[in-house]
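Residue numbers (the working numbering): 923 to 1170.
A virtual CB, placed ideally from N, CA and C, is assigned to each residue, including glycine.
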């Protein structure tokens, strides 16, 4: 199988190296990742600036670093390395969770969504991380999850997968579940003359039910959420369509 791998932490991140090394044991792997950290870039693309491409040394797979965003990496890989003809696209392993509403900001999840635009099956893997996490263990789990979900997937499917805090002990199991909601105490902190930095902490709230990724991850489960690219609010269409069309 041919696999494109990317991330938003940068091509030298421990997570992507462990993932690429593991998946390249049995597959043909092409890594195209940012040349530095691009966390929280969401699905942005480089339009006005040039993109630089550099070959990166790797023993068991071809690896390239580009100066663009995570979404740029997949668009570039699919168009510039079109002869590679990947079977799937894998993002991660991200250093830190991408849970609930946070996926809107995630470069990791946006990699998978960009791949889905091309009709590829895509996986976004993220892990709780404070300092050095056991990315080798996570990489083994990634392979297991890919092998299990791939036969159940169709072109354009996106799977958002999060691994729990390893300090909680052994993984309790796996949950196919929906996204929850993350709320932060966001504020802009002054750090210099006319300079500010966004800071904030997670807030406990009661807007999630028990069956969502945020709640299951706290209990030590791996969470798996299938994501749709279509953000249409179909219920709202039903509610307002007749009233609006009569006004127009």
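For the options 1079, 1141, 1044 and 1077, the alpha carbon positioned closest to that of residue 1091 is the one of 1141.
Shortest Cα-Cα distance from residue 950 to any of 924, 969 and 995 involves 924. In this structure, 936 is the residue among 936, 1095, 980 and 1129 with its C-alpha nearest to the C-alpha of residue 1051. Under DSSP, the beta-bridge partners assigned to residue 1121 are 1109.
Rounded to the nearest angstrom, the gap between the Cα atoms of residue 1166 and residue 946 is 54 Å. Secondary structure of residue 1060 (DSSP, three-state): helix.
Scanning 991, 1001, 1097 and 1136 for the CA closest to the CA of residue 968 turns up 991.
Ranked by how close their Cα comes to the Cα of residue 1109, the residues 1122, 1041, 1129 and 958 have 1122 in first place. Contact annotation, residue 1107 with residue 1125: C-beta distance approximately 6 Å; criterion of less than 8 Å satisfied. The criterion of a C-beta distance shorter than 8 Å is not satisfied by residue 1144 and residue 1098. A contact between stretches requires three or more CB pairs, one per stretch, nearer than 8 Å, and the segment 998-1015 meets this requirement with the segment 1055-1064. Leaving aside the five residues that flank residue 1007 on each side, the residues in its chain whose CB is nearer than 8 Å to its CB run, in chain order, 924. With the rule of 3 Cβ pairs closer than 8 Å, the segment 937-944 does not count as touching the segment 1018-1028.
Secondary structure of residue 995 (DSSP, three-state): helix.
Annotation: residue 927 is outside any alpha helix (DSSP H); the continuous beta strand (DSSP E) that includes it extends over 924-928.
By the beta-carbon neighbour count (other beta carbons within 10 angstroms, threshold 16), residue 1104 is buried.
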